[in-house]
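Structure, as structure tokens:
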Amino acid sequence: MVRPGVARRIRGLSDRALAWLFITPTIVLLLAINIFPLLWTIYLSFTNYRANRANVPMIWLGADWYQSILTDPDIWAAMQVTAHFVIWTVVIETVLGFGLAYLIDKKFRGHGMWTTIILLPMMLSPAVVGNFWTFLYQPQIGLFNYVVAFFTGRPASSFQMLGDVTLSPWAIVIVDAWMWTPYVMLICLAGLRSIPDYIYEAAEVDRASKWRQFWSITLPMALPFIMLAVLFRGIENFKMFDMVNLLTGGGPGSTTEVASITLKRAAFESWRTGYSSAFAIILFVTVFGLANIYVKALNKVKSR
Amino acid sequence: MKRTMKTLVVACGAVSAALGVGAGITPAQAQGKTITLCWAAWDPANALVELSKDFTAKSGIGMKFEFVPWTNYADRFLNELNSHGSLCDLIIGDSQWIGGAAENGQYVKLNDFFKKEGISMDDYMPATVVGYSEWPKNTPNYWALPAMGDAVGWTYRKDWFARPDVQKDFKAKYGRDIAVPKTLDELKDIAQFFQGREIDGKKVYGASIYTERGSEGITMGVSNYLYDYGFKYDDPKKPYAMDGFVNSASAVKGLEAYKELYKCCTPPGASNSYMSEGLDAFKSGQVALQMNFFAFFPGLYKDPNVGGDKIGFFVNPAGPAAQATQLGGQGISVVSYSKNQAEALQYIKWFSGGDVQKKWWALGGYSCAKSVLNDPSFPGSAPFAKEFLQSMGMVVDFWAEPSYAQLLQAEQKRVHDYVVADKGTAQEALDGLVKDWKAIFKEEGKKF
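Here it is as structure tokens:
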């Protein structure tokens, strides 16, 4: 029970003051754990700071780190690896995810059970997925190699998915697609279920073929959902770390060294805090910029 | 009411005390003095837990342990030290950390303590003192007590070597008897001989070697070849001058030889192998030879499938220029952020005792004390003791500079790119490594 005096004081507050009272804790928390670290990272990116040598005086370096990162061939190689990973995973997951959603939407017998089974991979932890795919890809005992051997007649231990320069970038794409296609399927399914039946009924009356219905109704109306799934997966995979780190550790050589692994090595193994802050800012700006352009395109599609 | 509460509290206290005694609370716990020791999670750590019970019994100080798997060991504890954490009172830190830990004030300098307690570094094997305790190297500035001696060695399938069919085929192919390899060329011959061979109806492979990319694996492996072929970290007369030492023609040949061994004679899928993958390959009967640290050898010898009479041990064979091996192992240090430094120092004093060191070796730890290693009975005390002793006389360590992690990452990348990913030539890899290391040292303000 609120004491009468306190109640009077609260009653005395204006709506604006009351609103501030409620949102202040959230704003303070946001500033403390989000905005301040971001500003601090930006500041550190212009210095020689190393977290393991806090006693060394900090020197202002200007844009030196930015210049050295943007002209470093190793960084560009890591960005290329990241781009390969992002583009292929998003393409495969979108095509397969939409295809699965289209099939599941047909509501055949047992479709509920199949939906649950298909969704299982995305419910697992990336650490678990990384570990058990390492076993699946093991050339001597791994199931993956045996399946390939069964269909191709090639000996199972004659190729290694994780240790081969050509195959390893695809090995990580396969695992990510296996894990996250169900997620794309779920979003696409929501899109397909949101299309009213009467539109199809009207198309039937107009004697539109199934193919025409798909291109003129299904795809355009599900497109905003597909684009949303692409946005989510694109951002997620741009910062992919855990699964790739467990599967290949960036190897063989630097073949699967995505940008996040390079960043982690610079930040927490080499302890080049200033350098890694600059790299983190570059990655942030890249994702933020690309996502903004994409969201504008998404809004255009939605408003059509 | 107050009186009833008081009675209850007293009664509860009495019951708790009785239960405490009944549950076997040690004097240390009774005093509330407990210190935490941080190390890697592996066989010797279990031996240390066993050994430390004596310390608790003697001192009344309780021991807690924080053991982390090797793959996360450096990340976890360097983070802890760099964030000035007080989780660890004592730390058994890797030999390469010593420069950074000393210069960044993370370890307590032990010179005064050693002097006061009569602990002399002359009582320890010289290589372990330089490798685990001193910073700067070869100066009497001590930051750790040598705790766990270790080096890279090799195991082989003694039972396979003894098979008449193997002996006959090997002699027919190479014109000599199959025996423990004395040179790296002989080692390659043996690995090549076993690669793809059928033993008891099972396909086996030549050797398990270090190829891991993420932490330090391939560097710890390739070094054993590089050192033997004449690689040096820098000019002995001019520190940090690396041209012609790191990337000398002989070092290039060493790197090429390691790649040849990887390509010809390792099991399929061995592109990211380190300690545990090597153990798995050997224990599952896949390989004839295994490169690994001596720390694992007591456990391997006890293995019911490949241990006992089936396993043999040998030191890293000689190369064209030298016979050397990669130093492993660690010293024990007191963390400067610890609130229990007095108790931690008490542990170090106890650990340095002669009897404790003997028991440490008996339990499966590798003592660095001369009193243990120079004892005439030592070489016969375990099937790998003689080889361990020999290895500790020929160890070379990686850079122990404050920037060691950066230096290590550069070598990991350059070597893995060449050996596993077939990128460029050995000469390009080592030239690139010199370039990377120079840049790192330049950033450090070193002059060369």
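Protein sequences, first through last, are from chains V and P.
Quick note: the first sequence uses the working numbering, first residue 1, plus one each step.
Quick note: the second sequence uses the working numbering, first residue 1001, plus one each step.
Glycine included, every Cβ here is placed at the ideal spot set by N, Cα and C.
In angstroms, rounded to a whole number, what distance separates the CA positions of residue i and residue j?
i               : j               : result
residue 1186(P) : residue 79(V)   : 43 Å
residue 1022(P) : residue 1037(P) : With a pLDDT of only 37 at residue 1022(P), under 50, the local geometry of the prediction cannot be trusted, and the value read off the model is given with reservation. The straight-line gap from Cα to Cα measures roughly 27 Å.
residue 30(V)   : residue 1404(P) : 37 Å
residue 1302(P) : residue 1308(P) : 6 Å
residue 131(V)  : residue 120(V)  : 16 Å
residue 1091(P) : residue 295(V)  : 51 Å
residue 124(V)  : residue 91(V)   : 22 Å
residue 1083(P) : residue 1103(P) : 15 Å
residue 1026(P) : residue 1334(P) : Only weak support is given to the placement of residue 1026(P): the predicted model assigns it a pLDDT of 46, under 50, and the value that follows is read from those uncertain coordinates. The alpha-carbon atoms of residue 1026(P) and residue 1334(P) are separated by roughly 24 Å.
residue 204(V)  : residue 191(V)  : 21 Å
residue 1230(P) : residue 1208(P) : 23 Å
residue 156(V)  : residue 1415(P) : 28 Å
residue 1375(P) : residue 1365(P) : 16 Å
residue 1046(P) : residue 134(V)  : 28 Å
residue 1029(P) : residue 1060(P) : Low confidence applies here, because residue 1029(P) scores a pLDDT of 49, under 50, leaving its location unreliable; read the following figure in that light. If I take the Cα positions, the gap works out to 8 Å.
residue 1010(P) : residue 1089(P) : With a pLDDT of 43 at residue 1010(P), under the threshold of 50, the modelled position of that residue is not reliable, and no figure is offered here.
residue 1204(P) : residue 1184(P) : 20 Å
residue 1287(P) : residue 1145(P) : 36 Å
Hey, quick one: how far does the alpha helix (DSSP H) through residue i stretch, first residue to last?
i               : result
residue 77(V)   : 73 to 104
residue 41(V)   : 36 to 44
residue 1411(P) : 1404 to 1419
residue 1290(P) : It is not in any alpha helix (DSSP H) - residue 1290(P) instead sits in the beta strand (DSSP E) that spans 1287 to 1293.
residue 179(V)  : 168 to 193
residue 227(V)  : 219 to 238
residue 243(V)  : 242 to 247
residue 1298(P) : 1297 to 1302
residue 1103(P) : 1098 to 1103
residue 1340(P) : Per DSSP, residue 1340(P) belongs to no alpha helix (DSSP H) and is neither H nor E.
residue 1174(P) : 1164 to 1174
residue 1275(P) : 1275 to 1283
As a quick exercise: from the options, pick the residue whose alpha carbon is nearest that of residue i.
i               : options                            : result
residue 193(V)  : 59(V), 222(V), 18(V)               : 222(V)
residue 1044(P) : 1294(P), 1163(P), 1413(P)          : 1294(P)
residue 1274(P) : 1259(P), 1291(P), 1261(P), 1267(P) : 1291(P)
residue 1211(P) : 1203(P), 1360(P), 1224(P)          : 1224(P)
residue 234(V)  : 52(V), 267(V), 93(V), 129(V)       : 93(V)
residue 1390(P) : 1129(P), 1313(P), 1433(P)          : 1313(P)
residue 47(V)   : 53(V), 59(V), 41(V)                : 59(V)
residue 1117(P) : 1425(P), 1347(P), 1366(P)          : 1347(P)
residue 214(V)  : 253(V), 231(V), 228(V), 195(V)     : 195(V)
residue 1079(P) : 1063(P), 1441(P), 1106(P)          : 1106(P)
residue 1356(P) : 1148(P), 1075(P), 1097(P), 1141(P) : 1148(P)
residue 122(V)  : 185(V), 53(V), 67(V), 282(V)       : 185(V)
residue 1099(P) : 1039(P), 1402(P), 1222(P)          : 1402(P)
residue 1180(P) : 1058(P), 1234(P), 1160(P), 1267(P) : 1160(P)
residue 1064(P) : 1039(P), 1241(P), 1358(P)          : 1039(P)
residue 1399(P) : 1425(P), 1242(P), 1279(P)          : 1242(P)
residue 1196(P) : 1263(P), 1252(P), 1272(P)          : 1263(P)
In terms of residue numbering, what span does the beta strand (DSSP E) encompassing residue i cover?
i               : result
residue 1156(P) : 1152 to 1157
residue 277(V)  : It is not in any beta strand (DSSP E) - residue 277(V) instead sits in the alpha helix (DSSP H) that spans 273 to 303.
residue 1313(P) : 1311 to 1315
residue 1207(P) : 1205 to 1208
Kindly identify the DSSP beta-bridge partner or partners of residue i.
i               : result
residue 1063(P) : 1035(P)
residue 1378(P) : Answer is none; residue 1378(P) lacks a bridge partner.
residue 1093(P) : 1331(P)
residue 1134(P) : 1142(P)
residue 1148(P) : 1330(P)
residue 33(V)   : Bridge partners of residue 33(V): none, in fact.
residue 1124(P) : 1369(P)
residue 137(V)  : Residue 137(V) pairs with nothing; no bridge assigned.
Q) Going along the stretch 1413 to 1441 of chain P in order, which residues come within less than 7 Å of chain V, judged by CB to CB distance? A) 1413, 1416, 1417, 1420, 1421, 1422, 1423
**Prompt:** Listed in chain order, which residues of the stretch 1203 to 1214 of chain P have Cβ atoms closer than 8 Å to some Cβ of chain V?
**Reply:** Near chain V, meaning a CB-to-CB distance below 8 Å, the residues of the stretch 1203 to 1214 of chain P are 1212, 1213, 1214.
- When Cβ atoms are compared, which residues of the stretch 63 to 74 of chain V fall closer than 9 Å to chain P? Along the stretch 63 to 74 of chain V, going in chain order, the ones with a CB nearer than 9 Å to a CB of chain P are 74.
Anything in the stretch 1242 to 1275 of chain P with a Cβ closer than 9 Å to a Cβ of chain V? List those residues in chain order, please. 1267, 1268, 1269, 1270, 1271, 1272
| chain V contacts made by the stretch 1099 to 1124 of chain P, where a contact means CB separation under 9 Å | 1100, 1103, 1104, 1105, 1106
message: Using a Cβ-Cβ cutoff of 7 Å, what residues of the stretch 45 to 60 of chain V are near chain P? List them in chain order.
response: Look at the stretch 45 to 60 of chain V: the residues with a C-beta under 7 Å from a C-beta of chain P are 51, 52, 53, 55.
- Taking a Cβ distance cut-off of 9 Å, strictly less, list which residues of the stretch 1395 to 1406 of chain P are near chain V, in chain order. 1402, 1403, 1405, 1406
Taking any Cβ of chain P, which residues in the stretch 263 to 287 of chain V have a Cβ under 8 Å from it, in chain order?
265, 268, 269, 270, 271, 272
| Listed in chain order, which residues of the stretch 160 to 171 of chain V have Cβ atoms closer than 7 Å to some Cβ of chain P? | So the close ones are 160, 162, 163, 165.
Please list, in chain order, the residues of the stretch 110 to 143 of chain V that have any C-beta partner in chain P closer than 7 Å.
138, 139, 140
Taking a cut of 8 Å between CB atoms, which residues from the stretch 240 to 257 of chain V lie near chain P?
245, 248, 249, 250, 251, 252, 253, 254, 255
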